[in-house]
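Heads up: take any position in the sequence shown, counting from 1, add 230, and you land on our numbering. Note that CB positions come from ideal geometry on N, CA and C, so glycine has one too. In this text, all values refer to a predicted model and were calculated from it rather than measured experimentally.
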Amino acid sequence: MYRTHTCGELRQEHVGQEIVLSGWVQKMRNLGGMTFVDLRDRYGITQLVFDMETDAELCESARKLGREYVINIHGKVAERSNKNQKIATGDIEILVSQLQVLNQSKTPPFTIEEETDGGEELRMKYRYLDLRRAPNQYNLILRHQMAIETRKYLNDMQFVEVETPYLIKSTPEGARDFVVPSRLNPGTFYALPQSPQTFKQLLMVSGYDRYFQLVKCFRDEDFRADRQPEFTQIDCEMAFVEQEDVLQTFEGLARHLFKVVKGVDMPKFQRMSYDEAMSKYGSDKPDTRFAMEFVDITEQAQGKDFVVFDSAELIVGIVAENCASYTRKKLDALTNFVKKPQIGAKGLVYVKYNEDGSFKSSVDKFFNQEDLKAWADKMEAKPGDLMLILAGETKKTRKALGELRLEMADQLNLKKEDEFAALWVVDFPLLEWDEDTQRFHAMHHPFTSPKKEDVQLLDTDPGKVRANAYDMVINGVEIGGGSIRIFDRELQNKMFSALGFTEEEAEKQFGFLLEAFEYGAPPHGGVAFGFDRWVALFAGRESIRDVIAFPKNNAGRDVMIESPSTISDEQLNDLSLAIKKQEE
Ligand code: ASP
């Protein structure tokens, strides 16, 4: 028998019992008369004791145990004189009577403990060892729990989980596809789904009414901390629904997960229009755990011969409470921050509202105390506060100030990990103008329906059309998004033409869906959640890599299995492929 209990199970009440445990040797301490071994498995750690006086031979063999050896022991549970409050089994230890080494281990390349000395690349190469560590086990078990609870909730709501294929063709999300060559159809390729979008809409045509799937999606994009080339969605679609039905249903899912997984009762989610989010926070995924809302002071700040302001479309600021004492050095650092190319501001104006009621600003040459007081009044700043102001073209200025707001929140420690602020951002624009290609793109995807009252603007002012699209945002993270779909062939054609698709192009890419819509498509809509991001948020992790069992690194590589890798000439031949020589 390998075990009667797990390494996380034994307590005071088991004292005196004969037990059998198996697990990995985390640590061996040879203290002369006594040798202690920490035995670990997924459930916890139990201390084993070998006493030189009771059994010298056994004790000697315990001293030979290396880290990560797999062992099996028989012994008796005893109360510890020196209790360890830090672990669940800390009241007891095992007086070992039999020891068997089930397998030896090479010395692991890093310590398999809560905190490890292994760098990221090394841990990724030996991911199976990294996954033995408690924080990773916690993350993966949390992920499992969230998946189970999602399925429970959706099952209770009559959703049916349907699997859709991976070998398909381009879906409408607009990222780059991963492609798979077809051996049986030389010269042709499957695309891996960026999402099951078209299939879930077809399932609505098929009458499944409520669909969901925990599903892998593939997008060939550049890497960021919250991106992986393959990631998991909770993908959902419902028939005979309006936007409100979808929001209610999935706010319910979110509330369920918060309650059962985090033990948090979430209040009703705030609703915020895209326009409001952009003008108050400079972001369509505002972190609303803290306020620091934008205040437009264009009116107050123009007309004093400060060219930067006078030529600006928008002058807008935030108040950093109690920061009037910021040093020159700190303010310079903030200026450098906003001037970074990825933030893109030309400069930063600051105004210190001193405790004595006076003002000190970086634009004292142009504005007197009274002028600055007028700004402070508009911005509702108090003595002791610091006003940070940006000016320029509206969209860019808002975006930059949005970044500065987040930076200040970090500096002021306003992003509390155990606080959750959730909202729905609604009324997104349907289309987005793309400077590079000089055409409109679908902000969500081309099947998203415009608001009824805005449809007529499609011909005259397409940029103004709002969509029945929505995002769920928690703590500044876009957890999910979706839309009510177009289910009318004519409106869909109109949408394609606004996007600059010719009829043939639309037909070639999505003909099957358009045809399906001619066989009785019900009104429908849905949403997809980034499951990895949601788990990372609940786990308090920045990177989704921490909640994925076998993630890829920054270069899209799995350094453990060494993938991607070359394939043999024979395989290439089978696939009718040739590799172009890389230019030196
Ligand atoms: N397929 C969309 C996405 O992946 C979500 C949706 O519209 O349901 O973003």
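(Q) Going by beta-carbon coordinates alone, are F340 and R353 separated by less than 8 angstroms? (A) R353 sits close to F340, with the two beta carbons spaced by under 8 angstroms.
Q: Use the C-beta contact count for N698: other C-beta atoms within 10 angstroms, 16 or more gives buried, fewer gives exposed.
A: Counting of Cβ neighbours within 10 angstroms places N698 among the buried residues, the total reaching 16 or more.
Q. Do P680 and V695 have their C-beta atoms closer together than 8 angstroms?
A. Between P680 and V695, the gap from beta carbon to beta carbon is short of 8 angstroms.
Q. Curious, which full-length beta strand (DSSP E) runs of at least 3 residues does the segment 498-529 contain?
A. Here the runs fully enclosed are 500-503.
(Q) Per the DSSP calculation, H671 is bridged to which residue(s)? (A) DSSP lists E662 as partners of H671.
**Q.** Selected residue, minimal CA-CA separation from L687, among M673, G710, D701 and L660
**A.** With distances taken between CA atoms, L687 lies nearest to L660 out of M673, G710, D701 and L660.
Q.
Could you check whether the segment 382-401 touches the segment 474-484, counting it as contact only if at least three pairs of C-beta atoms, one from each stretch, sit closer than 8 angstroms?
A. Contact between the segment 382-401 and the segment 474-484 is present, because at least three Cβ pairs lie under 8 angstroms.
Q.
Which same chain residues end up closer than 6 angstroms to M191 when comparing Cβ atoms and leaving out the 5 residues on each side of it in sequence?
A. This structure cannot settle anything about residue 191, because the visible part of the chain is limited to 231 through 814.
Q.
Just to check my reading of the structure: A652 and A484 have Cβ atoms closer than 8 angstroms, yes? What is that Cβ distance to the nearest angstrom?
A. The C-beta separation of A652 from A484 comes to about 6 angstroms, placing the pair in contact by the 8 angstroms criterion.
Q) Which one of I709, V245, K782 and N803 has the shortest CA to CA distance from A766? A) Comparing Cα-Cα distances from A766 to each of I709, V245, K782 and N803, the minimum goes to I709.
Q.
Quick check on DSSP: helix, strand or coil for V471?
A. Coil.
Q: Please specify which runs of the alpha helix (DSSP H), each continuous and at least 4 residues long, are wholly inside the segment 580-624, giving them in chain order.
A: Fully enclosed alpha helix (DSSP H) runs of 4 or longer: 599-609.
Q.
Tell me whether the segment 506-513 and the segment 622-629 touch, counting them as touching only if at least three CB pairs, one residue from each stretch, are closer than 8 angstroms.
A. A contact between stretches requires three or more CB pairs, one per stretch, nearer than 8 angstroms, and the segment 506-513 meets this requirement with the segment 622-629.
Q) My guess is that L433 and Y396 are in contact by the Cβ rule of under 8 angstroms, so how many angstroms apart are they, rounded? A) Between L433 and Y396 a beta carbon distance of about 16 angstroms is seen, past the 8 angstroms cut, so the two are scored as non-contacting.
**Q.** Meets three-Cβ-pair contact criterion under 8 angstroms: the segment 777-796 and the segment 501-511
**A.** Taking a contact to require three or more Cβ pairs closer than 8 angstroms, the segment 777-796 and the segment 501-511 do not qualify as touching.
Q: Counting only the same chain and skipping the five closest in sequence on each side, list residues whose C-beta sits under 8 angstroms from that of P338.
A: Contacts found: R297, E298, Y356 and L359.
Q) Is S412 near the ligand ASP, in the sense that its beta carbon is under 7 angstroms from a heavy atom of that ligand? A) False, no ligand heavy atom lies under 7 angstroms from that Cβ.
(Q) Are the CB atoms of V255 and L240 within a distance shorter than 8 angstroms? (A) Not closer than 8 angstroms, so no.
**Q.** Between the CA atoms of F429 and M496 - distance to the nearest angstrom
**A.** Taken atom to atom, the span from the alpha-carbon of M496 to that of F429 is near 33 angstroms.
(Q) Please classify F780 as buried or exposed, where buried requires at least 16 other C-beta atoms within 10 Å of its C-beta. (A) Exposed.
Q.
Please report the straight-line C-alpha distance between D689 and P753, rounded to a whole angstrom.
A. Approximately 23 angstroms, taken between the alpha carbons.
Q: Could you check the C-alpha separation between K313 and H244 for me, to the nearest Å?
A: Using only the alpha carbons, I get a separation of about 15 angstroms.
Q.
Could you check if H754 belongs to the surroundings of the ligand ASP, using beta carbon to heavy atom distance under 7 angstroms?
A. No.
Q: Please name the residue in R771, G712 and I797 whose C-alpha comes closest to that of T468.
A: Just to set this straight, residue 468 is Met in the shown sequence, not Thr. Distance from the Cα of M468 is smallest, within the candidate group R771, G712 and I797, for G712.
Q | Completely contained alpha helix (DSSP H) runs for the segment 530-580, where each covers 4 or more residues | A | DSSP runs (the alpha helix (DSSP H)) wholly in the segment 530-580: 537-540 and 558-569.
Q: State the start and end residues of the unbroken alpha helix (DSSP H) segment that holds K430.
A: Q427 to V435 is the extent of the alpha helix (DSSP H) around K430.
**Q.** Alpha-carbon spacing of R381 relative to Y441, whole angstroms
**A.** Pairing R381 with Y441, the inter-Cα distance amounts to about 11 angstroms.
Q) Any heavy atom of the ligand ASP closer than 7 angstroms to the Cβ of H671? A) Relative to the non-hydrogen atoms of the ligand ASP, the Cβ of H671 never comes closer than 7 angstroms to any of them.
Q: Quick one: measure Cβ to Cβ for T276 and L295, integer angstroms, because I've assumed they're closer than 8 angstroms.
A: The Cβ separation is near 14 angstroms, so there is no contact.
**Q.** With 16 other Cβ atoms within 10 Å as the buried cut-off, status of I527
**A.** Its Cβ being crowded by 16 or more others within 10 Å, I527 is buried.
Q) Going along the chain, which unbroken runs of the beta strand (DSSP E) with 3 or more residues stay wholly within the segment 685-721? A) As far as the segment 685-721 is concerned, its whole beta strand (DSSP E) runs of at least 3 residues are 699-704 and 707-714.
Q) Is DSSP giving N302 helix, strand or coil here? A) The answer is strand: DSSP assigns N302 an E or B state.
Q. In this structure, does DSSP put N314 in helix, strand or coil?
A. In the three-state reduction of the DSSP assignment, N314 falls in the coil class, being assigned neither a helical nor a strand state.
Q. For E649, which of D450, Y583, K738 and T518 has the nearest alpha-carbon?
A. The residue with the shortest Cα to Cα distance from E649 is T518.
Q: Tell whether a beta-carbon distance below 8 angstroms holds between R715 and T678.
A: Yes.
Q: Compute the distance between the beta-carbons of L329 and A292, then report whether it is under 8 angstroms.
A: In this structure, A292 lies closer than 8 angstroms to L329 by Cβ.
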